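If you read the protein sequences in the order shown, they are chains U and Y.
Per this note's numbering, residue -7 is the first one in the first sequence, and the count goes up by one each step.
Per this note's numbering, residue 105 is the first one in the second sequence, and the count goes up by one each step.
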Amino acid sequence: MLIELHDIKKVFNQGRPNEFWAIQGISLRIEPKQVSCLKGASGSGKTTLLSMIGCLSRPTSGRIMLGEQLLSGLPERFLTEIRRHTFGFIFQRFNLIQGMTVLENIMLPAYPLGPRHASLLDAAHRLMGHFNLSSKAENRVEWLSGGEAQRVSICRALINDPDILIADEPTANLDTKLSREFMALIDELRQSGKTILISSHDPLVFESPAVNRVVELRDGQLVRDAD
Amino acid sequence: MGFFRKQRYLIDFTLSSLSRRKGKNLGLLLVYALIVFMLASVMLFTHALRKEAGIILQDSPEIILQRMVAGRHALIPADYLDRIGRLRGVSEKQGRLWGYFYDPAVKANYTMMVAEQHELTTTQVIVGAGIARTRGIGIGDYITFRSYDSQAFSFQVVDILDANSELVSADLVLMSEQAYRRTFGVPEGYFTDLVLKVRNPREVRKVAEKLSLKLPDTRPILREEILRTYDSIFAWRQGIVFVLLAGAVLAFVIFAWDKASGLSAEEKREIGILKAVGWETSDVLRMKFWEGAIISLTAFIFGYLAAYAHVFYASASLFDPVLKGWAVLYPEFQPIPFIDGLQLATLFFFTVFPYTVATIIPIWRASITDPDAVMR
C-alpha cells in the first residue's frame, strides 16, 4: 500500500515558551513492498514522522494518504482500526508488557478482534517457531535477552498479519551480531511482500543491502532521498 | 461469538493485569474490605438492634401511664385505675411496680420488677442472664439486696431469664410484690405506673388524649414512642460510630482517590502500548473498568460477608460497647440475621460505584491521548 506525505508539519507545546517544531514541512512517497529507512541524528524528527505515518499521533498540518485513504483528520476510532489491521510496530525499547509471558505479549494485538482461541494460539506458536522463540513461550518478557525481546516484538507486530511494518531504532539496543540477524529478518519479511519503514542512525541498518531506499532527515526537514 | 470472545480476552487480560500488581492490589483490597466491613458491621448491627427492640416491644402494653409531680415521675395511687373507669377500646389495665437498684459489688444498676407471670415467694427471685454472668450465680444460689432502710435481704435464684430476650432482660430482677414493696419502701395502694392494653392500634392516640383529660397530673407514654426512642438512640449511636470511623474512611478515600486518579508511569506506558498495538479507547476503558469492578466488588463481598459473620455469629464483639450502650451488664445476644436491601444498596452505591468511576476517569484521559504522547 502506497504511503504519501504532503507538507507534513508537527509542533509540540504550541503557543508555549517551549514550543518545538519537530517536523517542518515534509513531503514523501513511500513505495509498497520495499524497505525504506529514515536516517538522521537523534532529534532529527525520525520517530515523530514514523508515529504520524503509523497513526500513533497526528500531524499539526499537512496530509497523510494511505493508498486512497486520507489519514490525517480521521477520528481516533478509525485510526485505531487502521492501526490494528495495517500496521505492525517494532519499538526502540521493544515496549513489551512486563510481567506477562512471551506468548501473552505476542497475542495482545489480536485480543480486540476476538479470534478463536485455538487459531490465535496456532498463529502465535507458528510465529514463535519461525523466530526461534518456542522454548520461551511461557517465560516472562523481563527475563529475555535483548535479541529475544526484539524477536518477541517482531512476532507481536506480525500477529495480525499487517501490510506495513514500522521499526523505530530497532538496533539501538542490540549488539552487532544481533543487528545483522535483525536485518536478515527484515529482508525475509520484505521478500514475503511487507512494506517496511525503519528509522535508524545505525550504519548497519541504512547501509544494509536489505534496505531499498534511505531518506535523510535533519532538524525536522528532509535533506536527502536516495534509492 | 467474536464479541463474547473479545470480552473473555479482556477479562483474561484484566485478571493477568491484577496479578501483575499483586502487592498493590492486595493491599488495596484489604483496606477496602476493612472499610466495608466496619461500615457494614455498624449498619447491620444497629438495624438488628432496632428490629430486636421492635420484636420485644411487640407484646408490651400500648400505653404506660405515669403520674407527674413537679415535672418528676412519682408513685401513682391504685385508685387511679378506678378513676380511669371504662374507656372505650381499653381491654386491660393494671398497676406495675418496677425500679432501679444500684449494686455496689459490680457497680451496675439492675432493673427490679414485680413478676406478673411467675408465682414467687418473698425470698425468691428470677434474674437476667447479664446479672447471673456478672455475679457468677446460677439457679439455687442466693443473692442479697440491701433495702431502702439498709436491711439486707437474701433471695434464692429460682430461674434465669431466657437468653433470647437478653437485649432487655440482661439486668432484670423479678420478685414478688411483697418483696418489692419491702425492698423499696413502696406503700400498699401505690404503683410505679399503670399499663393499659388497647385492642385497636388506631385508637391508641385517642385513648391517650382521653387519659390526659381525665387525669391531668399523668403522662401517657405510647409504645410507638418508645420504639421511636429506641430507633433514635440506635441511630444516634450508629452516627457516633460513623464519626469515629470517619478518620479511617477519609484515609481510605484519599488512598483510593490517589490510586484511582493518578496513573503510574508504568500504567500510562501500558495504555500507550495497548493503543499502539490496536486496542480501541473503549477496549482499554472496558478492561480498566473490569479491573476496578473486580477489586471493589471483591472487597465489598468479602467486607460484607465478614461483617455479616461478625454481627450475626460473633454478636458484633468489636462494636457492642458503643452500640449496645449498657453501663456494665452488656447483654450477650445473637441478633436475628436480617439484610435490608436498601441499606445494602446504599453501602454498595457509596463504596463500589465511586471507586469504579474514579478509576475510569484517569484511564479515559490517558486513553484519549495519542499513544505516542502517552508512551513518551
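Where is the CB? At the ideal position from N, CA and C, for every residue including glycine.
A quick note: this is a predicted structure, and the numbers were derived from the prediction, not measured.
{"Item": "Identity of the residues DSSP links to E196(Y) by a beta bridge", "Value": "K301(Y)"}
{"Item": "Neighbouring residues, chain Y, relative to I89(U) (Cβ below 7 Å)", "Value": "E374 and I377"}
{"Item": "Within chain U, the residues that E384(Y) reaches when beta carbons sit closer than 7 Å", "Value": "R69, T72 and P104"}
{"Item": "Spatially closest choice to I243(Y) from H222(Y), Y252(Y) and L265(Y), by CA coordinates", "Value": "L265(Y)"}
{"Item": "DSSP-derived helix/strand/coil call for T333(Y)", "Value": "helix"}
{"Item": "Opening and closing residue of the alpha helix (DSSP H) in which G203(Y) lies", "Value": "No alpha helix (DSSP H) holds G203(Y); the beta strand (DSSP E) holding it covers W202 to D207."}
{"Item": "Stretch pair the region 13 to 32 of chain U + the region 178 to 188 of chain U: three plus CB contacts closer than 8 Å", "Value": "yes"}
{"Item": "Contact check, N104(U) vs G106(Y), beta carbons under 8 Å", "Value": "Here residue 104(U) is Pro; the residue named in the question, Asn, does not match the sequence. In this structure, G106(Y) does not lie closer than 8 Å to P104(U) by Cβ."}
{"Item": "Sufficient close CB pairs (3 or more, under 8 Å) joining the region 221 to 238 of chain Y to the region 279 to 288 of chain Y", "Value": "yes"}
{"Item": "Test item: CB-CB of A449(Y) and S145(Y) under 8 Å", "Value": "no"}
{"Item": "The region 116 to 132 of chain Y: positions lying closer than 9 Å to chain U by Cβ", "Value": "D116, F117, S120, S121, S123, R124 and R125"}
{"Item": "C-alpha gap between R469(Y) and S49(U), whole angstroms", "Value": "16 Å"}
{"Item": "R176(Y) versus D297(Y), P458(Y) and R154(Y), residue with shortest Cα-Cα distance", "Value": "D297(Y)"}
{"Item": "Reduced DSSP category for I465(Y) - H, G, I as helix; E, B as strand; rest coil", "Value": "helix"}
{"Item": "Inter-residue Cα distance where the pair is F205(Y) and L451(Y)", "Value": "42 Å"}
{"Item": "Beta carbon proximity, N152(U) to chain Y, threshold 8 Å", "Value": "yes"}
{"Item": "For P101(U) and H151(Y), the rounded distance between their alpha carbons", "Value": "51 Å"}
{"Item": "Chain Y residues whose Cβ lies nearer than 8 Å to that of F81(U)", "Value": "A380 and V381"}
{"Item": "Contacting positions in the region 458 to 478 of chain Y - beta carbon closer than 9 Å to chain U", "Value": "I472, D474, P475, D476 and A477"}
{"Item": "Per-residue burial, L315(Y) [other beta carbons within 10 Å of its own, 16 or more giving buried]", "Value": "buried"}
{"Item": "CA-to-CA distance, C29(U) to G376(Y), given in whole angstroms", "Value": "24 Å"}
{"Item": "Distance between F12(U) and I74(U) (C-alpha atoms, nearest Å)", "Value": "28 Å"}
{"Item": "Runs of alpha helix (DSSP H) lying entirely within the region 152 to 213 of chain U, each at least 4 residues, in chain order", "Value": "168 to 183 and 195 to 198"}
{"Item": "Three-state secondary structure (DSSP) of Y184(Y)", "Value": "helix"}
{"Item": "Continuous alpha helix (DSSP H) stretch holding K314(Y): start and end", "Value": "V308 to K318"}
{"Item": "Start and end residues, beta strand (DSSP E) containing W13(U)", "Value": "F12 to I22"}
{"Item": "As assigned by DSSP and simplified to three states, the class of Q228(Y)", "Value": "strand"}
{"Item": "CA nearest to the CA of Q6(U), picked from I15(U), D(-1)(U) and L58(U)", "Value": "I15(U)"}
{"Item": "Cutoff 8 Å: L389(Y) Cβ touching any chain U Cβ", "Value": "no"}
{"Item": "Heavy atom of the ligand GTP within 7 Å of I398(Y) beta-carbon", "Value": "The ligand GTP is not part of this structure, which contains no ligands at all."}
{"Item": "Partner residues on chain U for K392(Y), Cβ-Cβ distance less than 7 Å", "Value": "Here the premise fails: no neighbours, minimum Cβ distance about 14 Å."}
{"Item": "Any 3 or more C-beta pairs closer than 8 Å across the region 77 to 89 of chain U and the region 146 to 160 of chain U", "Value": "yes"}
{"Item": "Whole-angstrom distance between Y408(Y) and V461(Y), CA atom to CA atom", "Value": "21 Å"}
{"Item": "C-beta neighbour in chain U for L367(Y), strict 8 Å", "Value": "no"}
{"Item": "Distance CB(I467(Y))-CB(V388(Y)) smaller than 8 Å", "Value": "yes"}
{"Item": "Rounded C-alpha distance that separates N152(U) from F406(Y)", "Value": "41 Å"}
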